[in-house]
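**Q** Quick one: the structure is below, questions incoming.
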Amino acid sequence: MTVYAIAQLKMTDRAAYDRYQARFFDVFRKYNGRLLAADEHPRVLEGTWPHDKLVMMSFPDEAAFLAFSNSPEYEEISRDRKAGARATVLLVKGFAPAG
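In structure tokens form, the structure reads like this:
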């Protein structure tokens with residue numbers, strides 16, 4: 001089942017985050033993920049949103065996401081993401097209608 005990773009980021013060190021971002025696709029493309037959105041100015045329709053960026057990705061299944069997020073390559077570059085932004089990251093299961 002398709003899963004979606006949703007990250008809400010609050011920048012703390014833009015230079016560190018930019019280093020992460022510059023290396024992200026070299027790692028990401030190896031794991032069958034699709035980048036669906038990366039928006040630093042999403043339109044807030046209801047409530048408050050105290051973040052600076054939203055990122056949405058999809059993966060064929062949870063195993064593919066875990067292979068990406070636990071890979072040595074991602075762990076290496078994620079140090080800059082963790083130094084550069086506070087994050088809330090969700091893993092959401094896709095919807096499969098009964099039928």
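Sequential numbering of the sequence shown, starting at 1, is according to full-length UniProt numbering.
From the three backbone atoms N, C-alpha and C, an ideal C-beta is built for every residue, glycine too.
Could you name each continuous beta strand (DSSP E) segment of 3 residues or more that falls completely within the segment 18 to 73, going from the start of the chain to the end?
**A** Listed in chain order, the complete beta strand (DSSP E) runs (minimum 3 residues) inside the segment 18 to 73 are 34 to 39, 53 to 59.
**Q** Among the residues of its own chain, which have a CB less than 7 angstroms from the CB of PHE24, if the five just before and after it don't count?
**A** Stepping through the sequence shown from its first residue, residue 24 is reached at position 24. Correct list, in chain order: ILE77.
**Q** May I have the straight-line CA-CA distance separating SER71 from GLY47, to the nearest angstrom?
**A** Counting from 1 along the sequence shown, the entry for residue 71 is found at position 71. Counting from 1 along the sequence shown, the entry for residue 47 is found at position 47. Roughly 36 angstroms separates the two Cα atoms.
**Q** Three-state secondary structure (DSSP) at ALA7?
**A** Locating residue 7 in the sequence shown gives position 7, counting from the first residue. ALA7 falls in the strand class under three-state DSSP.
**Q** How would you label ALA22, buried or exposed, when you count the other beta carbons within 10 angstroms and need 16 or more for buried?
**A** Here residue 22 refers to the residue found at position 22 of the sequence shown. Exposed.
**Q** When the Cα of residue 128 is compared with those of TYR74, GLU73, ALA83, LEU66, which residue comes out closest?
**A** Lying outside 1 to 99, the shown extent of the chain, residue 128 is not represented and no answer is given.
**Q** Do you know how far the Cα of LYS30 is from the Cα of LYS93?
**A** For this step, residue 93 is matched to residue 93 along the sequence shown. For this step, residue 30 is matched to residue 30 along the sequence shown. Between LYS93 and LYS30, the C-alpha separation is close to 21 angstroms.
**Q** Closest to ARG86 by C-alpha separation, out of ALA7, ARG19, VAL3, MET1, would be which residue?
**A** In the sequence shown, residue 86 corresponds to position 86, counting from 1. Out of ALA7, ARG19, VAL3, MET1, ALA7 has the C-alpha closest to the C-alpha of ARG86.
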